[in-house]
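Report on the following structure.
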Amino acid sequence: MSTHELYVNPPSGPGREIPASGDARFSWEYDMAGAGRDRLLALYQKGKDKQWDGARRIDWDLEVDPYDPLGTPDEALALHGTRYWAKLTEKDKGDLRRHYAAWNFSQFLHGEQGAMVCAARIVESAPDLDAKFYSATQTMDEARHAEVYGRFLHEKIGMLYPINDDLQALLDDTLRDSRWDMPYLGMQVLIEGLALAAFGMIRDTTDKPLPKQILAYVMQDEARHVAFGRMALRDHYKQLTDAELREREEFVIEGCHLMRDRLRGVEVLENFGVPRKEAEEFSERSEFLHLFRKLLFSRIVPCVKDIGLWGERLQRAYLDMGVFDMGDSSLDLLMTRDEEVAERLDAERFAAEERARVAEVAEMVADGAAEG
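Its first residue numbered 10, the sequence shown is counted upward by one per residue in our numbering.
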């Protein structure tokens, strides 16, 4: 079935074209081992070693109830406790859960396509070959993520939402800029930080095995992507003037305000007859949204500080948002946990499969003995 038949609201068109400028760069230095770039090359090797097949690693035979795909409790829904909630039947509540899951995973899907395009742009525009090599592995990662999110939406939920206008605006700004480092900053720091916060919140709260698998495996890849962005930008930003750093800090401030204030799923409530102003108020009071914002900035603020964007204006913006103290959080601990969660899921699944095989063999032996 065509994806366009599954959209709750029709997209603005069959696709989107974003005018872009900038140079495609070649490097004639192929001896990367002698260029003092061991960290990036090690990450490139890890990117190759950690490739996986979304059709095989994920257990697509797991059942998903489209009307409760994430096991979302009533209290986590923005309408809970409002005058609209009492009017909802149990079927309506199931529809609401389905719409929220479709909205969330649709934004994940659109964001992953954006990440794929940004990674391909970095292959084209990065000045050094090791960065091009790693970005090529990331392009493949993002394609795989878009594949699995698209399959989950098509096969398990049967519903999609168009890209949120503000997520589209952030992608547009990231891709339009001609400076080669801006796709890194927009994608690896802001949009990947947004994704990791949203993925992690659902991964750690859902009791449904299929979405937990998908999110854990995607997050394992994303941890590498953020590490790559940190390495590349940290080195580059040491060479920029104060004026150039301020331009990038302005981009970060604008992006953080946009992600904090606009990505709330208001479109879902509007589809249930809630006027936009009320939908915004209900979403703003949601504990789910408050947790998301906390996780969002726990990923972004320490990364921004680590790469050297920590001027007075940016610090003041984070103080105003109440997230300044997160600059001292450990990104490495978060990334290590992302790796561990995925590896633990693999180990549990392989152990269960091994137990099933042992039981099957034992049953066959017992049947053979009985027949003998």
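Every residue, glycine too, gets a C-beta built ideally from N, C-alpha and C.
Compare the C-alpha of S338 against each of R66, V313 and L179 and name the closest.
Ranking the options by Cα distance to S338, first place goes to V313.
Less than 8 Å between the CB atoms is what I'm expecting for L205 and E231, so what's the real figure, rounded?
6 Å
State the start and end residues of the unbroken alpha helix (DSSP H) segment that holds T345.
L340 to E380
When you compare the CB positions of V126 and S144, do they come within less than 9 Å of one another, or not?
no
Taking all protein chains shown into account, do 16 or more other C-beta atoms lie within 10 angstroms of the C-beta of D40, making it buried, or fewer, making it exposed?
exposed
By Cβ distance, which residues of its chain are closer than 7 Å to T91, with the 5 residues on each side in sequence left out?
F291
Proximity test, Cβ basis, 9 Å: A206 and chain D:
Checking the listed chains, one finds no chain D in this structure; it contains a single protein chain.
If you draw a straight line from the C-alpha of E293 to the C-alpha of H299, how long is it?
8 Å
On the premise that G317 lies in contact with R243, defined as a C-beta separation below 8 Å, what is that separation, rounded to the nearest angstrom?
6 Å
For E14, count neighbouring Cβ atoms within 10 angstroms of its own Cβ and tell me buried if that reaches 16, exposed if not.
It is exposed - the Cβ of E14 has fewer than 16 other Cβ atoms within 10 Å.
Nearest CA to the CA of L224: which residue from N173, E84, G103 and A351?
A351
What residue range does the alpha helix (DSSP H) around S21 cover?
Premise fails: S21 is in no alpha helix (DSSP H) and is neither H nor E.
Using only the alpha-carbon positions, how far apart do R322 and E289 sit?
28 Å
Between the alpha carbons of S134 and L180, how many angstroms are there, rounded?
17 Å
Determine the closest residue to Y53 out of M240, A365 and E259, with distance taken between C-alpha atoms.
M240
L169 bridges to which residues according to DSSP?
Y16
Among A379, R273, L105 and R48, which one has its Cα closest to the Cα of L203?
R273
So which of R46, K100 and P136 has the shortest CA-CA distance to R32?
Going by the sequence as given, residue 32 is Asp instead of Arg. Checking every option, the nearest Cα to that of D32 belongs to P136.
Thinking C-alpha only, which one of A371, W69 and P19 is nearest Q222?
W69
Once the 5 residues before and after R440 are set aside, which same chain residues still bring their CB inside 8 Å of it?
No statement about residue 440 is possible, as the shown extent of the chain runs from 10 to 381 and does not include it.
Measure from the alpha carbon of L86 to the alpha carbon of each residue in K141, A110 and R358, then state which is nearest.
A110
Sufficient close CB pairs (3 or more, under 8 Å) joining the region 108 to 123 to the region 303 to 313
no
Integer-rounded CB distance, given that L79 should sit under 8 Å from T215:
5 Å
Roughly how many whole angstroms lie between the Cα atoms of D376 and V370?
10 Å
W94, DSSP secondary structure in three states:
helix
Can you name, in chain order, every residue of its own chain whose Cβ lies under 6 Å from the Cβ of V275, other than the five neighbours on each side?
Answer for V275: A288, E289 and S292, listed in chain order.
Same chain only: Cβ atoms within 8 Å of G264, ignoring 5 sequence neighbours per side
L179, D182, G195 and L199
For L71 and L218, believed in contact at Cβ under 8 Å, the rounded distance
Before going on, a small fix: residue 218 reads as Pro here, not Leu. That pair is a contact at about 5 Å.
8 Å Cβ shell around E296 - same chain, five flanking residues per side excluded
E84 and A85
Close beta carbons around F333, own chain, < 6 Å, minus the five adjacent residues each side:
Taken in chain order, the residues that qualify are Y327.
On the DSSP letters alone, give me the boundaries of the alpha helix (DSSP H) that M210 sits inside.
E201 to T214
Report yes if the CB atom of Q60 is closer than 9 Å to the CB atom of D150, and no otherwise.
yes
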